[in-house]
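Novice:
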Amino acid sequence: MGKSYKIGIIKGDGIGPEIIDEAIKVLDATASHFGFELQYEEFLLGGAAIDETGSPIPQETLIGVNRVDAVLFGAIGGPKWDNLERHLRPETGLLKLRKEMGTFANLRPAIVYDELVNASTLKPSVVEGVDIMVVRELTGGIYFGEPREYTPQKAYNTMVYTKEEIARIAKVAFDIAMKRNKRVCSVDKANVLEVSQLWREVVEEVAQEYPEVELSHMYVDNAAMQLIRQPKQFDVIVTGNIFGDILSDAASMLSGSIGLLPSASVGSKVGLYEPIHGSAPDIAGQGIANPIATIASAAMMLRYALNEIEAADAIESAIKKVLADGYRTGDLSAYDAKEIVSCSEMGSIIANYVAKS
Ligand code: IPM
Ligand code: MN
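Those letters in the sequence shown? Residues 24 to 380, by the working numbering.
So, in structure tokens, the structure goes:
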């Protein structure tokens, strides 16, 4: 028997449970094919946790994630919990989890599968071959800055970054660029914000350690426009928390569906692997969600957390093959579909392809 790993599972809300079940199906098939063992432990977060314990992030979850090798996460939130006070909302649970786990680097690849060049709202010639890695700072910036306050007359947040926080996310981006096409574009708003001025200076400083990497800077408004105008100019994009949140949603649509793209949140301790989409309450429970983003997140987990590279490759190849063979969930039904399949059928087909790989 090969190695054994402990995986924390957070299903969450909305389509979270459905898509996670398919990722587990694929992980199990992959583990038995490649001869390693996976043990799962489930934790509560978000709305599901509020319903059961009154807190969006119970103590048991915060402690439990320290005893696993990686955490696979579905999605959280929904209209049921929308009117709660901020500190009780599902999103607060996720933000606290990221902070406590120290997952300061959020890697969000935006890849256009050849099989789906027609699925994008942009012209095939614009998106064909796009392969961007957005490196989003995840535990700082305006999401966490103090002071912050809401009153009915006046409300504010604070965008703050320390030199240390900027340097460590920049290093992650440059390290990734070294394994890719050696280009980093740092996105900021240095023409207006002091925090961006520091961001730019520190990124420049870190770049000195990577003479092979070509560094450019772009203002965030221009970056949003360039992502749509000519996305192939980008290799690695590094940016702060809120700019990264916005740009990664925009970049995801180059691929045709936000239901395709995974993410890895890594830092000093255990990593968190999650699709970039949300909990899609409008389609929850209907069995029509696209599980590919979550299955691809599981592949990232095998690659980055468990170093099971061959297994990760096998899942990614299986995803490409189902798309090439024309299997589509509802979100992609209009694009060269040979067969429309349910969430669970999609999981089974990918699992079978891995088992036969
Ligand atoms: C994301 C989400 C979260 C974020 C929300 C749910 C707090 O939009 O993972 O991109 O803003 O980080
Ligand atoms: Mn987002």
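Backbone N, C-alpha and C define an ideal beta-carbon position, used for all residues, glycine too.
#1: Residues in the same chain with beta-carbon distance under 8 Å from Ser239, minus the five sequence neighbours each way, listed in chain order, please.
#2: Relative to the ligand MN, is the shortest distance from any of its heavy atoms to the C-beta of Asp198 smaller than 8 Å?
#3: Any residue with its Cβ nearer than 5 Å to a heavy atom of the ligand IPM should be included. What is that list in chain order?
#4: Decide yes or no for the touch test of the segment 336-355 against the segment 370-377: beta carbon pairs closer than 8 Å, at least 3 of them.
#5: One question on the structure: do Gly116 and Ile80 come within less than 9 Å of each other, judged by their Cβ atoms?
#6: In chain order, what residues of the same chain lie with their CB nearer than 7 Å to the CB of Ile33, ignoring the 5 residues before and after it?
#7: What does the alpha-carbon distance come out to for the pair Thr76 and Glu169?
#8: Straight-line CA distance for Thr185 to Val259?
#9: Taking Asp305 as the reference, which of Ala347, Asp354, Pro285, Ala321 has the closest Cα?
#10: Quick check on the DSSP output: the beta strand (DSSP E) that includes Tyr184 runs from which residue to which?
#11: Determine contact between the segment 102-115 and the segment 287-301, defined as no fewer than three beta-carbon pairs at a distance below 8 Å.
#12: Closest to Gly125 by CA distance: which of Pro113, Ala321, Val289 is it?
#13: Is the Cβ-Cβ distance between Leu329 and Asp92 less than 9 Å?
#14: Return yes when the C-beta of Asp258 is under 8 Å from any heavy atom of the ligand MN, and no when it is not.
#15: Just to confirm, is the Cβ distance from Tyr28 to Glu60 under 9 Å?
#16: Please classify Tyr179: is it buried, with 16 or more other beta-carbons within 10 angstroms of its beta-carbon, or exposed?
#17: Specify the secondary structure class of Pro175 as computed by DSSP and reduced to three states.
#18: Three or more C-beta pairs under 8 Å: does that hold for the segment 238-257 against the segment 139-156?
#19: Quickly, what does DSSP pair Cys208 with across the bridge? List them, please.
#20: Locate the beta strand (DSSP E) running through Asp348, then write down its first and last residues.
#21: I believe Ile265 touches Tyr166 by the beta-carbon criterion, under 8 Å. Please report the beta-carbon distance rounded to the nearest angstrom.
#22: Could you compute how far the alpha carbon of Val183 sits from the alpha carbon of Ile42?
#23: Quick one, are the C-beta atoms of Val215 and Val261 less than 9 Å apart?
#24: Classify Ala347: buried if its beta carbon has 16 or more other beta carbons within 10 angstroms, exposed otherwise.
#25: May I ask which residues mark the beginning and end of the beta strand (DSSP E) holding Ile311?
#26: Following the continuous beta strand (DSSP E) through Val289, name the residue where it begins and the one where it ends.
#27: Ser320 to Pro113, Cα distance in whole Å?
#28: Rounded C-beta distance between Ser278 and Ile134? I'm assuming under 8 Å.
#29: Go ahead and pull the three-state DSSP assignment for Tyr327.
#30: Tell me Lys29's beta-bridge partners as DSSP assigns them.
#31: Taking the straight line between their C-alpha atoms, what separation do you get for His300 and Lys177?
Specialist: On the basis of the supplied data:
#1: Your numbering for residue 239 matches position 216 in the sequence shown. Result list for Ser239: Arg206, Val207, Cys208, Ser209, in chain order.
#2: Translated into positions along the sequence shown, residue 198 becomes position 175. It does not: the Cβ of Asp198 is nowhere closer than 8 Å to a heavy atom of the ligand MN.
#3: Glu114, Asp268
#4: yes
#5: In the sequence shown, counting from the first residue as 1, residue 116 sits at position 93. In the sequence shown, counting from the first residue as 1, residue 80 sits at position 57. The answer is yes: Cβ separation under 9 Å.
#6: For this step, residue 33 is matched to residue 10 along the sequence shown. Excluding sequence neighbours, Ile33 sits near Phe66, Leu68, Val94, Phe96, Gly97.
#7: Taking the sequence shown and counting its residues from 1, one reaches residue 76 at position 53. Taking the sequence shown and counting its residues from 1, one reaches residue 169 at position 146. If you take the alpha carbons of Thr76 and Glu169, they lie about 28 Å apart.
#8: For this step, residue 185 is matched to residue 162 along the sequence shown. For this step, residue 259 is matched to residue 236 along the sequence shown. Using only the alpha carbons, I get a separation of about 22 Å.
#9: In the sequence shown, counting from the first residue as 1, residue 305 sits at position 282. Comparing Cα positions, the closest option is Asp354.
#10: On the sequence shown, position 161 is the one that residue 184 refers to. No beta strand (DSSP E) contains Tyr184, which DSSP labels as neither H nor E.
#11: no
#12: Mapped onto the sequence shown, residue 125 falls at position 102. Checking every option, the nearest Cα to that of Gly125 belongs to Val289.
#13: Sequence index remark: in the sequence shown, residue 329 carries index 306 (1-based). Sequence index remark: in the sequence shown, residue 92 carries index 69 (1-based). Closer than 9 Å, so yes.
#14: Walking along the sequence shown from the start, residue 258 turns up at place 235. For the ligand MN, not one heavy atom lies less than 8 Å from the Cβ of Asp258.
#15: Within the sequence shown, numbered from 1, the residue matching residue 28 stands at position 5. Within the sequence shown, numbered from 1, the residue matching residue 60 stands at position 37. Yes, the pair counts as a contact, with Cβ atoms nearer than the cut-off.
#16: Taking the first residue of the sequence shown as position 1, residue 179 is located at position 156. Burial call: exposed.
#17: The residue labelled residue 175 in the question sits at position 152 within the sequence shown. Three-state DSSP puts Pro175 in coil, outside helix and strand.
#18: At 8 Å Cβ cutoff, the stretches touch.
#19: For this step, residue 208 is matched to residue 185 along the sequence shown. In DSSP, Cys208 forms a bridge with Ser239, Ile260.
#20: Position 325 of the sequence shown, counted from the first residue, corresponds to residue 348. It is not in any beta strand (DSSP E) - Asp348 carries neither H nor E in the DSSP assignment.
#21: In the sequence shown, counting from the first residue as 1, residue 265 sits at position 242. In the sequence shown, counting from the first residue as 1, residue 166 sits at position 143. Rounded, the Cβ-Cβ distance is 7 Å, consistent with contact.
#22: By 1-based counting over the sequence shown, the position of residue 183 is 160. By 1-based counting over the sequence shown, the position of residue 42 is 19. Taking the straight line joining both Cα atoms gives about 35 Å.
#23: Here residue 215 is taken as the residue at index 192 of the sequence shown, counted from 1. Here residue 261 is taken as the residue at index 238 of the sequence shown, counted from 1. Not closer than 9 Å, so no.
#24: Translated into positions along the sequence shown, residue 347 becomes position 324. That one is exposed.
#25: Start at 1 with the first residue of the sequence shown, and residue 311 comes out as number 288. Ile311 -> no beta strand (DSSP E), and no H or E assigned at all.
#26: Indexing the sequence shown from 1 puts residue 289 at position 266. In the DSSP annotation of this structure, the continuous segment of the beta strand (DSSP E) that includes Val289 starts and ends at 285-289.
#27: Looking up residue 320 in the sequence shown gives position 297. Looking up residue 113 in the sequence shown gives position 90. Whole-angstrom Cα-Cα distance: 21 Å.
#28: The residue you call residue 278 lines up with position 255 of the sequence shown. The residue you call residue 134 lines up with position 111 of the sequence shown. The Cβ separation is near 6 Å, so the contact holds.
#29: Along the sequence shown, read from residue 1 onward, the residue named residue 327 stands at position 304. In the three-state scheme derived from DSSP, where H, G and I count as helix and E and B as strand, Tyr327 is classed as helix.
#30: The residue given as residue 29 occupies position 6 in the sequence shown. The partner list for Lys29 (beta bridge, DSSP) reads Gln62.
#31: On the sequence shown, residue 300 is found 277 positions in, with the first residue counted as 1. On the sequence shown, residue 177 is found 154 positions in, with the first residue counted as 1. Roughly 31 Å separates the two Cα atoms.
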